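*Asks:* Quick note: the UniProt record's numbering has the sequence shown finishing at residue 699, numbered continuously throughout. Every residue, glycine too, gets a C-beta built ideally from N, C-alpha and C. Remember, it's a predicted structure, so these values are computed and weren't measured experimentally.
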Amino acid sequence: MNNPLAIARRKATFTAPGPATPDARRGDLDGLRGLAIALVVVFHIYLRRVSGGVDVFLVLSGYFFTGLLLRQAGRNGAVPVLPIVRRTVRRLVPALVVVLAAVVVATITLRPYTQWSDTAGQTLASLFYYQNWRLAWTWSDYLAADPSVSPLQHLWSMSVQGQFYLAALVVVAAVVWACRAPRVRPVLAMVVIVAAVASFWYATRGTSHQGWNYYDSAARAWELLAGAGLALVPYDTMFRGWTFSPGLVRGVRTGVAALGLAGVVGCGWLVTDGVERFPGPVALLPVGATAALIVAGFGPGPLEWPSRLLATGPMRQLGDVAYPLYLWHWPILIVVLAERDHPAADFTDGLIVLTVSAALAWLTHRWIEEPLRARPAGVARPGHPRATGALVGVLAAAVIGVVGAWQITVGWIVPPHPPGGLDPVLYPGAEALAARASVPSAPMRPTVLEAPAEVPPPTVDGCIADWNTRDVITCVYGDKAADRTLALVGSSHAEHWLPALQVLADRHRFRIVTYLKMGCPLTLSDEVSYKGEPNPDCRDWSREVIDRLGTDRPDWVFTTGTRPRGDIGDETPQDYLDVWSALADRGLDVVAVRDTPWLRRNSVRYKAVDCLARGGGGADCGIRRADALDPVNPALEPASRFPTVFPIDLTDAVCQADVCPAVAGNVLVYHDEHHLTATYARTLAPELDRQLKPILGWW
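Structure follows, in structure tokens:
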């Protein structure tokens with residue numbers, strides 16, 4: 001139990017920073033919060049890029065929460081951990097639970113059951129505040145707002161905030177407990193400065209992959225710590241004894257506030273590639289602008305006009321619904337795009353999203369947030385708090401129960417697994433296209449629920465370097481004792497040929513050595529990107545692999561010779577030719593296979609299994625051949641200039657004359673948007689045998 005005398009001594013010497021009345025609300029900051037979320041919503045819907053509003057929100061969250069901790073410590077002589085946890089949970093979780101419940105219902109009602117597992121996993125990640133890490137592991141593209149994107153992707157920022165709140169609560173409580181009152185603020189300031197500098201350095205240097213940096217809590221921490229640092233400044237005493245001209249003070253405050261407001265509003269227009277650059281140094285613009293508006297609101301006299309503008313009634317009302325508006329707008333946007341089959345929002349789509357999101361945000365604020373919000377003694381809460389609390393509790397239990405049961409069922413009890421050996425008469429697969437084999441009536445295999453397990457052996461065996469692995473990983477398949485060696489080299493689109501090559505290796509006795517990395521076809525280009533961001537790991541990995549091939553000297557190198565060209569057709573880019581030249585210089589012969597079609601419609605990627613689960617047919621869920629591929633293999637002409645390069649094209653074993661179907665010969669072709677199922681790849685072995693025989697000369 002706390003000593004009352006010690007508490008009194010602490011309270012006498014430790015006061016919270018802020019205005020003269022520590023609990024006074026900053027109406028301008030409420031309005032700033034509303035402005036930030038409004039920018040987020042408009043930029044997501046109409047401009048398909050980030051606005052910097054989330055960064056503003058992070059700074060404000062750090063400022064508000066740290067200020068709350070310091071005020072509580074100033075009143076009580078210690079941080080009341082459990083009451084603050086209850087207050088924070090009551091403020092954040094109920095609205096989140098309502099939105100998650102709505103997303104679960106919408107997913108079950110509107111989306112194919114093949115998407116339920118991912119939504120269930122992201123629902124749990126959002127509810128327990130680790131969604132940012134889940135997205136970081138999958139490199140989800142936050143820039144994209146189209147039907148293929150998760151309706152819960154935006155909740156990464158709430159997870160970052162929740163993790164910061166927990167860390168800040170622990171650190172501040174520990175410092176207040178361990179230090180005498182006069183030392184609390186200096187010690188906390190030192191902790192904040194060191195942590196913020198380390199986080200900013202990490203965000204600047206980062207990992208080699210921006211897809212990870214964007215969601216990384218460690219890279220984002222400096223933005224919240226900037227707000228925390230501002231909460232530590234004793235504004236009410238720092239200017240005591242200073243004498244300034246009132247006109248000078250007003251002019252400085254007005255200028256600082258005006259610059260801050262301009263920075264917040266203009267960030268999204270000035271930084272058009274924020275997804276590729278935040279939270280690095282470019283984020284200093286929204287963070288600095290927010291800090292300027294916070295600082296400009298303190299000091300003698302009333303707020304200046306930029307701050308008064310933010311403190312107006314409409315802006316404060318927008319701030320009141322900012323949190324539920326943020327929660328609702330993204331899932332509503334994704335649902336509207338999916339149901340209207342639009343790759344991006346037009347004016348009508350946007351108007352629907354804005355209207356529905358605003359209405360749901362107000363209802364959530366009025367009937368969920370307000371009844372559960374903490375009130376001063378004697379002030380009644382609107383609505384029916386007990387009924388609201390009970391409703392939220394039931395919804396939370398239902399959400400956890402439904403998504404948890406689904407995850408346990410499909411993840412533990414009945415996990416997806418590839419089918420065993422299929423009868424080639426019933427399941428001719430690629431031979432139905434390449435050799436006109438008859439196709440008897442039989443159910444499709446693998447099924448749409450088996451498809452996630454239909455990956456090639458290197459993925460299962462850990463024999464393909466992932467996004468964050470720079471090392472060259474090699475594994476041996478086929479006849480490991482054979483004298484003849486074929487090197488399978490490149491990205492996952494080289495990897496998915498391995499099941500077919502294994503059939504041939506076992507039949508014709510040769511070994512296969514893999515040199516594979518996700519998202520990384522061989523390249524010598526200095527400007528390598530993946531999903532629009534620099535990927536130096538791929539560049540360095542490719543160069544090392546080429547050198548290793550020169551040393552290991554396989555008899556043949558098997559790799560992809562083409563790639564998709566934007567939304568229509570395919571191409572053989574110059575950096576592929578540079579690789580061919582480098583391999584020729586090392587005396588290596590190359591089989592360059594034409595890449596398989598990538599599924600996309602209206603510039604939006606889609607999974608064949610999702611389309612099939614909604615009742616589509618094999619042809620309906622495929623892609624037009626003319627959209628996916630050029631009429632002639634684009635590798636043919638450049639390969640004619642390289643005596644060591646031999647192009648092959650198995651398109652006629654994957655595509656019909658006019659369409660590349662999702663199902664051929666009773667076999668599912670794709671396990672996702674663009675990778676072959678391992679089962680279908682094995683049915684490609686006969687056609688691959690026919691095309692490789694005259695090139696390799698091994699049989």
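Taking the alpha carbon of Ser61 as the point to measure from, which residue in Pro457, Phe164, Leu676 has its own alpha carbon closest?
*Replies:* The residue with the shortest Cα to Cα distance from Ser61 is Phe164.
*Asks:* Give me the Cβ distance between Glu673 and Leu599, rounded to the nearest whole Å; I'm assuming they're in contact under 8 Å.
*Replies:* That belief holds up - the Cβ atoms of Glu673 and Leu599 are roughly 5 Å apart, short of 8 Å.
*Asks:* By the three-class DSSP mapping on this structure, what secondary structure does Thr107 have?
*Replies:* Here Thr107 sits in helix by DSSP.
*Asks:* How is Ser157 classed by DSSP in three states: helix, strand or coil?
*Replies:* Looking at Ser157 - three-state DSSP - the assignment turns out to be helix.
*Asks:* Relative to the C-alpha of Leu32, which residue among Leu310, Glu304, Gln161 is closest?
*Replies:* That would be Leu310, whose Cα lies nearest to the Cα of Leu32.
*Asks:* Closest to Tyr235 by CA distance: which of Arg185, Thr485, Gly550, Val194 is it?
*Replies:* The candidate whose alpha carbon is nearest that of Tyr235 is Arg185.
*Asks:* Would you mind working out which of Trp580, Leu333, Arg601 sits nearest Gly566, comparing C-alpha positions?
*Replies:* With distances taken between Cα atoms, Gly566 lies closest to Arg601.
*Asks:* Quick check: what's the CA-CA separation for Phe347 versus Leu354?
*Replies:* Approximately 10 Å between the Cα atoms of the pair.
*Asks:* What three-state label does DSSP hand Leu5 in the structure shown?
*Replies:* At Leu5, the pLDDT of 45 sits below 50, so the modelled position is not reliable; the number obtained from the coordinates is stated separately. Correct three-state label for Leu5: helix.
*Asks:* Please work out which residues of its chain come closer than 7 Å, Cβ to Cβ, to Arg470, disregarding the five sequence neighbours upstream and downstream, and give them in chain order.
*Replies:* Around Arg470: Asp537, Asp540, Trp541.
*Asks:* Name the residue from Arg366, Arg316, Pro631, Pro343 whose alpha carbon lies nearest to the alpha carbon of Ala38.
*Replies:* Among Arg366, Arg316, Pro631, Pro343, the Cα nearest to that of Ala38 belongs to Arg316.
*Asks:* Can you look up Thr644 in the DSSP assignment and give me helix, strand or coil?
*Replies:* Three-state DSSP puts Thr644 in coil, outside helix and strand.
*Asks:* Closer than 8 Å is the cut-off here; do at least three beta carbon pairs connect the stretch 99–110 with the stretch 330–347?
*Replies:* The stretch 99–110, when compared against the stretch 330–347, does touch it at the 8 Å Cβ threshold.
*Asks:* With C-beta atoms as the reference, is Pro151 less than 7 Å away from Asp610?
*Replies:* Cβ distance not < 7 Å, so Pro151 and Asp610 don't count as in contact.
*Asks:* Once you ignore the five residues that flank Gly299 on each side, which residues in its own chain have a CB closer than 8 Å to its CB?
*Replies:* Same-chain partners within the cutoff: Tyr235, Phe239, Val249, Arg253.
*Asks:* Looking only at its own chain, which residues have a Cβ that is under 7 Å from the Cβ of Val321, when we skip the five neighbours before and after it?
*Replies:* Closer than 7 Å at Cβ, skipping near neighbours: Ala361, Trp362, His365.
*Asks:* Less than 7 Å between the beta carbons of Gly319 and Gly52, yes or no?
*Replies:* Going by C-beta atoms, Gly319 is not nearer than 7 Å to Gly52.
*Asks:* Do Tyr477 and Asn666 have their beta-carbon atoms positioned less than 7 Å apart in this structure?
*Replies:* No, Cβ-Cβ distance for Asn666 and Tyr477 is not below 7 Å.
*Asks:* Along the chain, where does the beta strand (DSSP E) containing Val184 start, and where does it finish?
*Replies:* No beta strand (DSSP E) contains Val184, which is instead part of the alpha helix (DSSP H) from 181–205.
*Asks:* When the Cα atoms are used, what is the spatial distance from Val632 to Pro573?
*Replies:* Whole-angstrom Cα-Cα distance: 15 Å.
*Asks:* Give the straight-line distance between the Cα atoms of Ser159 and Asp658, rounded to the nearest whole angstrom.
*Replies:* Approximately 46 Å, taken between the alpha carbons.
*Asks:* Look up Val172 in the DSSP assignment and say whether it is helix, strand or coil.
*Replies:* Of the three classes helix, strand and coil, the one that applies to Val172 here is helix, per DSSP.
*Asks:* Could you confirm whether any beta carbon from chain B is found closer than 7 Å to the beta carbon of Pro415?
*Replies:* The structure shown has no chain B; it contains just one protein chain.
*Asks:* Extract the residue ranges of the alpha helix (DSSP H) inside the stretch 510–572, only unbroken runs of 4 or more that lie entirely within it.
*Replies:* Fully enclosed alpha helix (DSSP H) runs of 4 or longer: 536–552.
*Asks:* Measure the CB-CB distance between Val392 and Leu100 and report whether it falls below 7 Å.
*Replies:* Contact: no.
*Asks:* Assign Ile413 to one of two classes, buried (16 or more other C-beta atoms within 10 Å of its C-beta) or exposed (fewer than that).
*Replies:* That one is exposed.
*Asks:* Considering only C-alpha positions, which residue in the set His384, Arg605, Cys179, Val191 is nearest to Ala168?
*Replies:* The option with the nearest alpha carbon to Ala168 is Val191.
*Asks:* Which parts of the stretch 567–620 are runs of the beta strand (DSSP E), unbroken and 3 residues or longer, counting only runs that do not cross its ends?
*Replies:* Here the runs fully enclosed are 590–593.
*Asks:* Which residue from Ser245, Pro182, Arg682, Thr204 puts its Cα closest to that of residue 712?
*Replies:* Residue 712 falls outside the range modelled here, since the chain spans only 1 to 699, and no answer is possible.
*Asks:* Is it a yes or a no for the stretch 257–266 touching the stretch 217–225, going by three-plus beta-carbon pairs under 8 Å?
*Replies:* Short answer: they don't touch.
*Asks:* Roughly how many angstroms separate the alpha carbons of Arg690 and Ser525, rounded to a whole number?
*Replies:* Between Arg690 and Ser525, the C-alpha separation is close to 34 Å.
*Asks:* Tell me whether the beta-carbon of Leu232 lies closer than 7 Å to the beta-carbon of Ala296.
*Replies:* Not closer than 7 Å, so no.
*Asks:* Let me know if Arg183 comes out buried or exposed under the rule of 16 or more other beta-carbons within 10 Å of its beta-carbon.
*Replies:* Exposed.
*Asks:* Could you tell me which uninterrupted alpha helix (DSSP H) segments, each at least 4 residues in length, are contained entirely in the stretch 244–277, listed from first to last along the chain?
*Replies:* Counting whole runs of 4 or more residues, the stretch 244–277 contains the alpha helix (DSSP H) stretches 246–270, 274–277.
*Asks:* Over the uninterrupted beta strand (DSSP E) stretch that includes Gly31, give me the two end residues.
*Replies:* Careful: Gly31 lies outside any beta strand (DSSP E), inside the alpha helix (DSSP H) at 27–42.
*Asks:* So what's Ile464 in DSSP terms, helix, strand or just coil?
*Replies:* Ile464 falls in the coil class under three-state DSSP.
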